[in-house]
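Visitor:
Residue numbers (this note's numbering), protein chains in the order written: chain S, 7 to 120; chain F, 108 to 219.
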C-alpha cells in the first residue's frame, strides 16, 4: 500500500507559468487536504475536500485552485505562479473531515518559483 | 484567529534523558490536539491525539497532556534515543473539523 503519492518531487518554475501538483491516495479516504510549509510558519491549509465533488478554502487559498473528480485524486493548480508561492507542498488525507481523525501525509513537492 | 505556538528554538538533549515540548493555543479550547513527527525532507507522521476531556495519553515512550486552564499541551519523550531526533508538530482542530492549524514545530536533537 503506497498511501499518498505526490508528483513531481520537486520543480523549478518560471513566474507566470501554470503548474499542477498531483496527489493520489489509495486508502479510499473521503477527506483530502493541501498544505504549504514555509520556514518558521509551519503548515498552512490551502484547500480541502470533504468528498469527491466538493472542495473548500483553507487559510491561504489565493492563487490556488483544486478539483476532486474522484475519491483518489486531488490536484492543486497554480494558475499563474508567483515567487511567494515558493514552498514545500504537502497533500494529506483522512477518513473524514469531521474529527478527530489522523491525517496521512504525502512526501511533499518542493517548488521554487523564479 | 486560532493560533498554535511552539518553542521555535531547537532542543538538544542527551540520550536517555526525558524532554518536554510545549504547545500553547489561543482563544477557545480545541476539541482535540494532535502531535506529529517530521523528519527532514519527509511529510509529517501522526504520533498521538488527545481530546479535550482527556488529561493524558500515552504511547510507548511518549506521553501527551492537555491542560485547558493553561491552554497548553505538553509532549514528553522518556528514555530518549538519537532516533528520536526530528521536528515535532502540534496541531489543533477547527471547530471539531479536521482542518488542522499547525504550530511551526520544535526541532529536537538527541545526542549519544
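The C-beta atom is built at its ideal place from N, Cα and C for all residues, glycine as well.
Shorter than 9 Å from the beta carbon of residue 171 of chain F to some beta carbon of chain S?
Guide: Position 64 of the second chain, counting from 1, holds the residue named residue 171 of chain F. It does not; no Cβ of chain S falls within 9 Å.
Visitor: Assuming residue 192 of chain F and residue 216 of chain F make a contact with CB atoms under 8 Å, what is their CB distance in whole Å?
Guide: Numbered from its first residue, the second chain carries residue 192 of chain F at position 85. Numbered from its first residue, the second chain carries residue 216 of chain F at position 109. That pair is a contact at about 5 Å.
Visitor: Just to confirm, are residue 83 of chain S and residue 141 of chain F a CB contact at a threshold of 9 Å?
Guide: As a working note, residue 83 of chain S is residue 77 in the first chain. As a working note, residue 141 of chain F is residue 34 in the second chain. It is not a contact, given that the beta carbons lie outside the stated cut-off.
Visitor: Please report whether the beta-carbon of residue 17 of chain S lies at a distance below 9 Å from any beta-carbon of chain F.
Guide: Position 11 of the first chain, counted from the start, is the residue given in the question as residue 17 of chain S. It does not; no Cβ of chain F falls within 9 Å.
Visitor: By the 7 Å beta-carbon criterion, what residues does the stretch 48 to 71 of chain S contribute toward chain F?
Guide: Those residues of the stretch 48 to 71 of chain S that come within reach of chain F (Cβ to Cβ, closer than 7 Å) are 48, 49, 51, 54, 64.
Visitor: With the cut-off set at 9 Å, would you say residue 181 of chain F and residue 130 of chain F are in Cβ contact?
Guide: Numbered from 1 along the second chain, position 74 holds the residue referred to as residue 181 of chain F. Numbered from 1 along the second chain, position 23 holds the residue referred to as residue 130 of chain F. Cβ atoms of residue 181 of chain F and residue 130 of chain F: closer than 9 Å.
Visitor: What are the residues of the stretch 90 to 118 of chain S that lie near chain C, defined by any Cβ-Cβ distance shorter than 8 Å?
Guide: In the structure shown, chain C cannot be found, because the protein chains are S and F.
Visitor: Determine, using beta carbons only, whether residue 111 of chain F comes closer than 9 Å to chain S.
Guide: For the purposes of this step, residue 111 of chain F is taken as residue 4 along the second chain, with counting starting at 1. Residue 111 of chain F counts as touching chain S.
Visitor: Can you look up residue 191 of chain F in the DSSP assignment and give me helix, strand or coil?
Guide: Along the second chain, read from residue 1 onward, the residue named residue 191 of chain F stands at position 84. Three-state result, residue 191 of chain F: helix.
Visitor: Is it buried or exposed for residue 160 of chain F, if we count other Cβ within 10 angstroms and need 16 for buried?
Guide: As a first step, residue 160 of chain F must be located in the second chain, where it is residue number 53. Flag for residue 160 of chain F reads exposed.
Visitor: Can you tell me whether DSSP reads residue 91 of chain S as helix, strand or coil?
Guide: The count along the first chain starts at 1 and reaches residue 91 of chain S at position 85. It is helical.
Visitor: Express the C-alpha separation of residue 156 of chain F and residue 53 of chain S in angstroms, rounding to a whole number.
Guide: Stepping through the first chain from its first residue, residue 53 of chain S is reached at position 47. Stepping through the second chain from its first residue, residue 156 of chain F is reached at position 49. Taking the straight line joining both Cα atoms gives about 23 Å.
Visitor: With distances taken Cα to Cα, identify the nearest neighbour of residue 146 of chain F among S/117, S/113, S/59.
Guide: Locating residue 146 of chain F in the second chain gives position 39, counting from the first residue. The candidate whose alpha carbon is nearest that of residue 146 of chain F is S/113.
Visitor: Touch check for the stretch 114 to 122 of chain F and the stretch 22 to 34 of chain S: three-plus C-beta pairs under 8 Å?
Guide: As far as the Cβ criterion goes, the stretch 114 to 122 of chain F does not touch the stretch 22 to 34 of chain S, which means the pair count is below three.
Visitor: Do you know offhand how far residue 39 of chain S's Cα is from residue 135 of chain F's?
Guide: As a working note, residue 39 of chain S is residue 33 in the first chain. As a working note, residue 135 of chain F is residue 28 in the second chain. Their Cα atoms are separated by approximately 24 Å.
Visitor: For the beta strand (DSSP E) holding residue 183 of chain F, just list the boundary residues, first then last.
Guide: Translated into positions along the second chain, residue 183 of chain F becomes position 76. Segment 179 to 184, the beta strand (DSSP E) holding residue 183 of chain F.
Visitor: Cβ closer than 8 Å: which chain F residues qualify as neighbours of residue 37 of chain S?
Guide: Residue mapping note: residue 37 of chain S aligns to position 31 of the first chain, counting from 1. 205, listed in chain order.
Visitor: Quick one: residues in its chain with C-beta nearer than 7 Å to the C-beta of residue 177 of chain F, no 5 flanking neighbours on either side, listed in chain order?
Guide: In the second chain, the residue the question calls residue 177 of chain F occupies position 70. So the list is empty, once near-sequence residues are dropped.
Visitor: Cα separation between residue 163 of chain F and residue 73 of chain S?
Guide: Residue mapping note: residue 163 of chain F aligns to position 56 of the second chain, counting from 1. Residue mapping note: residue 73 of chain S aligns to position 67 of the first chain, counting from 1. Taking the straight line joining both Cα atoms gives about 39 Å.
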